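In our numbering, the protein residues as written are 196 to 390.
See the structure below:
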């Protein structure tokens, strides 16, 4: 099975682009969504996260995301420890999901492919980019957060220029119709490569 990575910085619109590929009949695995689900569902992950962060890691039996975010935001060591707990479970879940798919290729949406040096796991990588002001506005509208917080997240992610350099395909997502047109062209190009 050909695995396509779909990545992009916060607010770039990669989930929207992923939905468009899904409308073309391509199965999509959203790594961040599955990670959150596993963090709530897996007894092993729960136990290990409580060992790492304390009882406050969960509130009323559910993952306490604001608490975890505040702990890992400026602590790379703690973030790495959390990822070492969660990522192997997500990888195993993805492999099980992959076996059930029947399509020319699948897309795995993951925000930090390059930051975690995971490009070798993909046959091709599509990066979604957008102007920074637009990305900030999108995230403020979506999450009800502050401009400063979004800017600090962007500053912690790899720049678009670095991502573009490492990608096989790039979608500029300032205008959704144009972005969908680019995605359709990429879909056709991938299908041609697979022939």
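Think of the CB as a built atom: it goes at the ideal place given N, C-alpha and C, for glycine as much as any other residue. These figures come from a predicted structure and were not determined experimentally.
Range of the contiguous alpha helix (DSSP H) that encloses residue i
i, result
"residue 304", "That residue, residue 304, is in no alpha helix (DSSP H); its beta strand (DSSP E) goes 300 to 304."
"residue 248", "238 to 248"
"residue 225", "No alpha helix (DSSP H) holds residue 225; the beta strand (DSSP E) holding it covers 223 to 225."
"residue 406", "It is not possible to answer for residue 406, since the shown part of the chain is limited to 196 through 390."
"residue 313", "Run containing residue 313: none; DSSP gives neither H nor E here."
"residue 347", "342 to 351"
"residue 216", "209 to 218"
Residue i burial status per 10 Å Cβ neighbour count (16 or more: buried)
i, result
"residue 287", "exposed"
"residue 371", "exposed"
"residue 368", "buried"
"residue 258", "buried"
"residue 295", "exposed"
"residue 389", "exposed"
"residue 322", "buried"
"residue 303", "buried"
"residue 345", "buried"
"residue 245", "exposed"
"residue 228", "exposed"
"residue 339", "exposed"
"residue 356", "exposed"
"residue 196", "exposed"
"residue 239", "exposed"
"residue 252", "buried"
"residue 264", "exposed"
"residue 384", "exposed"
Reference residue i, options the options, closest by Cα
i, options, result
"residue 255", "265, 273, 272, 235", "235"
"residue 283", "250, 374, 237, 301", "237"
"residue 350", "327, 240, 253, 211", "327"
"residue 278", "233, 293, 384", "233"
Neighbourhood of residue i by C-beta distance below 6 Å, restricted to the same chain and skipping five residues each side
i, result
"residue 348", "205"
"residue 377", "366"
"residue 363", "319, 320"
"residue 159", "The chain is shown from 196 up to 390; residue 159 falls before or after that span and cannot be answered."
"residue 380", "none"
Nearest-angstrom beta carbon gap, residue j and residue i [assumed within contact, 8 Å]
i, j, result
"residue 299", "residue 386", "6 Å"
"residue 308", "residue 320", "6 Å"
"residue 207", "residue 330", "6 Å"
"residue 224", "residue 289", "6 Å"
"residue 314", "residue 361", "6 Å"
"residue 317", "residue 198", "5 Å"
"residue 374", "residue 285", "Contact flag wrong, Cβ pair sits at about 27 Å."
Same chain, Cβ closer than 7 Å to residue i, neighbours up to 5 away in sequence not counted
i, result
"residue 266", "248, 273"
"residue 209", "201, 202, 203, 304, 323"
Residue i, enclosing beta strand (DSSP E) - first and last residue
i, result
"residue 203", "197 to 203"
"residue 320", "319 to 324"
"residue 364", "364 to 367"
Other residues of its chain near residue i: CB distance less than 8 Å, five sequence neighbours each side excluded
i, result
"residue 243", "280"
"residue 382", "216, 219, 221"
"residue 342", "331, 335"
Residue i CB to nearest heavy atom of the ligand GTP below 8 Å
i, result
"residue 265", "As presented, the structure is devoid of all ligands, the ligand GTP included, so that no description of it is given."
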